[in-house]
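Everything on this sheet refers to the single structure shown next.
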Amino acid sequence: MTTKHRHSLRAKAKEMFEHGFGGYMKYAFPADELDPIKCVGNFRNSRPDSVEMYEVLGNYSLTLIDSLDALAIFGDRLGFENAVKLVIENVSFDQDWTIQVFEVTIRVLGGLLSAHMLATDSKYGFKINWYHNQLLDLATDLGDRLIPTFKTPTGIPYSRVNLKKGVLPTITNETCTAGAGTLVLEFGILSRLTGDPKYEIAARHALEALWERRSKINLVGNNLNVLNGSWQENITGIGAGIDSFFEYMLKAYILFEDSNYLNMFEEAYAGIMKWIKDDTGFYYKNVNMYSGKLAVTWIDSLSAFFPGVQVLSGHLNDAIKHHYLYYTIWRKYGALPERFNMNLRDIDIGVYPLRPELIESTYALYQATKDPFYLHVGETILADLNMTTRTRCGFASLENIQTAELSGRMESFFLSETLKYLYLLFDEENFVNEPNSNFIFTTEGHFFPLSNDFPVKKAIKQVETHSRICPTIQKLNISFHRTSTRLPPMSHNDILLCHHMIGYTNPVTTDPFCSPRGVRLASSSKTVNSKYAPDNVEIMYELLSRFSIFNYTSSLLYFDFWYK
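Sequential numbering from 1 applies to the sequence shown in full-length UniProt numbering.
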């Protein structure tokens, strides 16, 4: 891919972010989210029928907070400063709402801490002269409202808390492994920045308490009771309910240089590879945590994060195969369904809420390999998102990826992760991508500098000294002949096997291909009125189906539709 072409994709990713963030600020702020269909804000009580919204909304301008460091990554210094000011002037956590601890930790607490470090350090170019730790004060206030959830007999936190009243008697005693075990980065950084060890101690103990309850084959369950530590669901895998638990074991080691986290991760990873990884190496099953026997035949879209973790741990060949399975599913449908049934080779749950996991892994693989195939993957995803999910004021989740039916949510992670990772994929010159940069991304896409690069309060004292031990890196298998950079760094037979496994019938070819979403949207009409495109043009069906997203510059009309 030429530099000029890569820069054009970078510009498009930035335009899409500006469209989504601008739509939120114009039509929704100070609400938590944008309804991209009605172009209004989603407040906590605006959709009382939506259980999902009750997981994270709290009338604290969620999307603004979650987007703070994204503004910096996109190079908008003035926008970053203005957004920080708006948060300081408008956000309060003294709210009588019960929220999910995990979601608020990764989106809100993480967003505040990342923006605070950007605003106080001149070396990143986003220091704010008038800023005096107000975001850190907000983060501390939020942390103090979350910390009571850890007061359980097991030390494993309740999944929900009322921000004003604390843990209510009506709150469930059940939590998922990811929800309780994916807090240590944010709580650890809060402790390092404030000098108060209570946050890190609580989050670390929760992670360790979960791991202590693993089965004899080193697998953990999905849900457990926080009062007695008993597993409520014995199905395990690497997807929903468990996913980021493994991610934070490895990233906590990288961030805090504590080899105990690495030891836990390596044991967990060995269990995954022995009992959960399919024999083909392309996907990871859902099994019984005690026997390792297959439990269900579906996989979920959240599992697409795992290749990124495999890159960090040095398992490149495993990451390449796993990533390609999810990308092939994307190519089959033009989006990634929430669940895909490997036995039926078809969709199990067909929603796509603009999730970032596949893009995140694509970015990680490109950074590790510099293989241009992953730039082409990003190009495909960028184009599909722009065509299928764009509305006049933002981007909408797909209620049904087969009919392209949209729903009225633009979740905050679309800006803080999905578009951020797409932009970074194409922006090799970004300060985050510099060879000497020392950042780790949280599970919400917020970036924290490594421990030597942020001010640690002296009140935090490590009991023992830890040395950073690099995992052994898996040698990349490129012994086969590569015919095109539009194909993955895998053998032809492996590509064919992957296609067969998910029922993807397109031939393996180096030729550009058409997005199935484009043809589906075109329907049987002669023209397509693209109400989701910025210029509202009509496109001849023949042109839409004829020209590839990889070759869009071959048609000015097609170029106008996608990238004007």
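Ideal Cβ positions, reconstructed from N, Cα and C, are used throughout, including at glycine.
Proximity of residue i and residue j at Cβ, strictly below 9 Å
{"i": "alanine 203", "j": "leucine 183", "result": "yes"}
{"i": "methionine 289", "j": "leucine 207", "result": "no"}
{"i": "valine 56", "j": "leucine 68", "result": "no"}
{"i": "aspartate 348", "j": "proline 356", "result": "no"}
{"i": "asparagine 173", "j": "valine 104", "result": "no"}
{"i": "isoleucine 65", "j": "valine 91", "result": "yes"}
{"i": "leucine 138", "j": "phenylalanine 93", "result": "yes"}
{"i": "tyrosine 284", "j": "histidine 315", "result": "no"}
{"i": "isoleucine 440", "j": "phenylalanine 447", "result": "yes"}
{"i": "methionine 342", "j": "isoleucine 201", "result": "no"}
{"i": "asparagine 506", "j": "arginine 331", "result": "yes"}
{"i": "alanine 364", "j": "leucine 325", "result": "no"}
{"i": "proline 449", "j": "methionine 117", "result": "yes"}
{"i": "arginine 339", "j": "aspartate 300", "result": "yes"}
{"i": "alanine 252", "j": "leucine 358", "result": "no"}
{"i": "tyrosine 423", "j": "phenylalanine 17", "result": "yes"}
{"i": "phenylalanine 256", "j": "alanine 178", "result": "no"}
{"i": "phenylalanine 305", "j": "threonine 443", "result": "yes"}
Where residue i sits in the DSSP three-state scheme
{"i": "tyrosine 269", "result": "helix"}
{"i": "glutamate 55", "result": "helix"}
{"i": "valine 463", "result": "Here the model assigns valine 463 a pLDDT of 34, short of 50, so the residue's position is not dependable and the matter cannot be decided."}
{"i": "histidine 7", "result": "helix"}
{"i": "glutamate 15", "result": "helix"}
{"i": "glutamine 95", "result": "coil"}
{"i": "lysine 216", "result": "coil"}
{"i": "cysteine 514", "result": "No answer about cysteine 514 holds up, because its pLDDT of 40 lies below 50 and its placement is not dependable."}
{"i": "leucine 224", "result": "strand"}
{"i": "leucine 34", "result": "strand"}
{"i": "asparagine 42", "result": "strand"}
{"i": "tryptophan 130", "result": "coil"}
{"i": "lysine 164", "result": "coil"}
{"i": "glutamate 444", "result": "coil"}
{"i": "phenylalanine 282", "result": "coil"}
{"i": "phenylalanine 74", "result": "coil"}
{"i": "tyrosine 248", "result": "helix"}
{"i": "leucine 521", "result": "Confidence is the limiting factor: at leucine 521 the pLDDT is only 32, short of 50, which leaves the residue's position unreliable and the question unanswerable from this model."}
{"i": "threonine 2", "result": "coil"}
Residue i to residue j span [Cα, whole Å]
{"i": "valine 287", "j": "isoleucine 37", "result": "39 Å"}
{"i": "isoleucine 106", "j": "serine 416", "result": "11 Å"}
{"i": "serine 407", "j": "leucine 398", "result": "6 Å"}
{"i": "leucine 425", "j": "proline 307", "result": "15 Å"}
{"i": "arginine 77", "j": "arginine 6", "result": "23 Å"}
{"i": "arginine 468", "j": "leucine 250", "result": "In this prediction, arginine 468 has a pLDDT of 45, which is less than 50 and means its spatial position is unreliable; what the coordinates show is noted afterwards. The straight-line gap from Cα to Cα measures roughly 12 Å."}
{"i": "asparagine 222", "j": "lysine 85", "result": "40 Å"}
{"i": "tyrosine 131", "j": "arginine 214", "result": "45 Å"}
{"i": "leucine 34", "j": "aspartate 258", "result": "40 Å"}
{"i": "phenylalanine 150", "j": "tryptophan 97", "result": "18 Å"}
{"i": "asparagine 234", "j": "glutamate 434", "result": "43 Å"}
{"i": "glycine 271", "j": "threonine 391", "result": "44 Å"}
{"i": "glycine 518", "j": "isoleucine 329", "result": "Residue placement at glycine 518 is poorly supported in this model, since its pLDDT is 38, which falls under 50; the coordinates are not used for a value here."}
{"i": "tyrosine 60", "j": "proline 30", "result": "7 Å"}
{"i": "glutamate 405", "j": "methionine 387", "result": "13 Å"}
{"i": "valine 108", "j": "threonine 418", "result": "17 Å"}
{"i": "phenylalanine 21", "j": "glutamine 100", "result": "24 Å"}
{"i": "isoleucine 147", "j": "proline 197", "result": "12 Å"}
{"i": "glutamate 429", "j": "histidine 376", "result": "18 Å"}
{"i": "aspartate 371", "j": "phenylalanine 282", "result": "19 Å"}
{"i": "valine 161", "j": "histidine 492", "result": "51 Å"}
{"i": "glutamate 81", "j": "phenylalanine 126", "result": "8 Å"}
{"i": "isoleucine 381", "j": "tyrosine 24", "result": "22 Å"}
{"i": "valine 167", "j": "leucine 142", "result": "14 Å"}
{"i": "residue 590", "j": "glutamate 267", "result": "The requested residue 590 is not part of the displayed model; the chain covers only 1 to 564."}
Contact test: residue i Cβ vs the ligand MG heavy atom, cutoff 8 Å
{"i": "lysine 26", "result": "No copy of the ligand MG occurs in the structure displayed, which carries no ligand at all."}
Unbroken alpha helix (DSSP H) run spanning residue i, endpoints
{"i": "threonine 328", "result": "316-333"}
{"i": "glutamate 212", "result": "198-212"}
{"i": "valine 108", "result": "It is not in any alpha helix (DSSP H) - valine 108 carries neither H nor E in the DSSP assignment."}
{"i": "glycine 350", "result": "Unbroken run through glycine 350: none, as it is neither H nor E."}
{"i": "leucine 183", "result": "Per DSSP, leucine 183 belongs to no alpha helix (DSSP H) and is neither H nor E."}
{"i": "proline 307", "result": "306-312"}
{"i": "threonine 63", "result": "62-66"}
{"i": "isoleucine 495", "result": "492-502"}
Terminal residues of the beta strand (DSSP E) in which residue i lies
{"i": "asparagine 286", "result": "286-288"}
{"i": "cysteine 176", "result": "174-176"}
{"i": "valine 296", "result": "294-296"}
{"i": "proline 148", "result": "Unbroken run through proline 148: none, as it is neither H nor E."}
{"i": "asparagine 341", "result": "339-341"}
{"i": "glutamate 233", "result": "231-233"}
(request) Output the residue ranges of the beta strand (DSSP E) runs that lie fully inside the region 364-429 and measure 3 residues or longer, sorted by chain position. (result) 398-400
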